[in-house]
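Here's the structure we're looking at; comments come further down.
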Amino acid sequence: MDFMVYCVNRNYFKDLFQTAISSETNVNKYCSLFNEFTDNNYTKFYNENNCFDDTLDPDNYRYNVFEDCDLNNMVKTFPKFNLHIN
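Take 24 as the starting number for the sequence shown in the numbering used here and just add one per residue.
See below:
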């Protein structure tokens with residue numbers, strides 16, 4: 024999966040998770056699935072991009088798709104949700 028596809032899918036799953044929280048339906052299920060999705064993709068992108076091959080140009084969409092989906096900021100890009108904190 025390329026990075027842009029990950030970012031779009033991550034936002035979709037994040038919306039599902041936030042909807043589940045609002046409606047108090049399947050929250051544990053969506054939280055677990057979201058965290059599994061981000062964990063798996065974090066590992067994949069980290070292993071594939073140990074070293075960036077050119078300057079980190081903000082317009083280079085291989086590394087920076089959205090403000091909150093950028094390989095320069097792994098915490099924002101691969102968020103963790105904890106039902107008791109978030």
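Every residue gets a Cβ at the ideal spot worked out from N, C-alpha and C, and that includes glycine. Here the structure is a predicted model, which is why all the values come from computation and not from measurement.
{"Item": "C-beta contact flag for Phe40 and Phe104 at 8 Å", "Value": "yes"}
{"Item": "Supposed close pair Phe68, Phe26 - CB separation, criterion 8 Å", "Value": "7 Å"}
{"Item": "Asp62 versus Asn96: straight-line alpha-carbon distance, rounded", "Value": "15 Å"}
{"Item": "Element boundaries [alpha helix (DSSP H), containing Thr61]", "Value": "Val50 to Glu71"}
{"Item": "Sequence-distant residues of the same chain with beta carbon closer than 7 Å to Asn49, five excluded per side", "Value": "Ala43"}
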